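**Q** Sharing a structure here in structure tokens format.
Structural data, given as structure tokens:
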């Protein structure tokens, strides 16, 4: 866009400069700046855990058992309903056939897609124990 301005006096020259400046400001495209955002927070440390599942191959409902969580009785509908287990690499799941950590005991140290015929649907109490990260 070009402007042809004829200057008669100092006042007119000043007005002309202001008009040109205003015209250029109204048609100029300014780069939009994004708001400054703080860097993302580091991810929260996730506590290790064990997960028990209703059916084999990690299907059906799931119940997460936190590190050092002791369940004297797994409760209904979980009682005598567990068939598979996923275990965080640093954890073990200790399971019992009766409430209050009584009856037969078994220690699971790795992912178990099927707990076996004897243990299938027999868990009544359990707890998850995890080694501390170094």
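In this note's numbering, the protein residues as written are 732 to 865. Using N, Cα and C, we set each Cβ at its ideal position, and we do this for glycine too. Remember, it's a predicted structure, so these values are computed and weren't measured experimentally.
1) Take residue 808 as the anchor and find which of 785, 829, 796 and 819 has the nearest alpha-carbon.
2) Are the beta-carbon atoms belonging to residue 818 and residue 846 less than 8 Å from one another?
3) Rounded to whole angstroms, what is the Cα-Cα separation between residue 789 and residue 803?
4) In the structure shown, what three-state DSSP assignment does residue 827 receive?
5) Indicate whether residue 783 and residue 825 have their beta-carbon atoms separated by less than 8 Å.
6) Can you tell me which of 770, 852 and 767 puts its alpha carbon nearest to the alpha carbon of residue 814?
7) Taking the beta strand (DSSP E) that residue 798 belongs to, which residues open and close that run?
8) Identify the residues that DSSP records as bridge partners of residue 856: which are they?
**A** From the atom records:
1) 785
2) no
3) 23 Å
4) strand
5) no
6) 852
7) Premise fails: residue 798 is in no beta strand (DSSP E) and is neither H nor E.
8) 827
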